[in-house]
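Per this note's numbering, the very first residue in the sequence shown carries number -18; after that it's consecutive.
Worksheet: the structure to be examined is printed underneath.
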Amino acid sequence: MPSLAFLILMTALVGLGTGQKARVDLLYPPAPAAADFMVLTHPPSPCVTEVDFFDANSNKVLSKQVSLSPGQSSTVTLTRTQLGAKTTDNHTLFYAEASIVNTCGTDSTCDATLCDVIPNAETVDPAGQTGVLINGVRGPLIARLGPAAN
């Protein structure tokens, strides 16, 4: 059974206002040209990323796995309805995490840490305007969003 290899994104609590959606965008850039030396390990093919959204009480409200090959991208979206927001709620709080899933199994030449998936997280209003954005980082690092403004 595959397990999570490492965390690539973790946001702070963010408020999702009326009409807004939260998105985690994933980009797996094209692989660089092969070097002239012998490569001993390789990433899994495809790389699998799990995106999880949680409410303010740390209850998982949405989980999705996305398979990406070099040169591909994908978006996972959370709506206020999925978050359980009431129409009277001003800013319903949530946070998001994205992790690389270790799908290498027993392949000793496979290394899930070589999945070069870059995450970005944002809130978007109905007009397509971004409210809160964190630009992605490469590698097994943690990125954090600041709190939403009221």
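In this text, a Cβ means the ideal position worked out from N, Cα and C, and glycines have one as well.
- Remark: three or more beta-carbon pairs, one from each stretch, lie closer than 8 Å, so the segment -13 to -1 and the segment 77 to 97 are flagged as touching.
- Within its own chain, the residues whose Cβ lies closer than 7 Å to the Cβ of T60, once the five positions on either side in sequence are excluded, are K2, listed in chain order.
- A direct Cα-to-Cα measurement between V32 and A102 gives close to 11 Å.
- Excluding its 5 nearest sequence neighbours in each direction, K41 has C-beta neighbours in its own chain below 7 Å: D33, F35, listed in chain order.
- Under DSSP, no beta-bridge partner is assigned to D92.
- When only Cα atoms are considered, D6 and S55 end up about 6 Å apart.
- Looking at the DSSP output, V105 sits in a beta bridge with K2, T111.
- For D106, the number of other beta carbons within 10 angstroms of its own is below 16, and it is reported as exposed.
- Ranked by Cα distance from V57, the first of P100, A108, A(-7) is P100.
- Contact between P25 and C91 is confirmed by a C-beta separation of about 5 Å, below the 8 Å threshold.
- Here L114 is exposed. Its C-beta has fewer than 16 other C-beta atoms within 10 Å.
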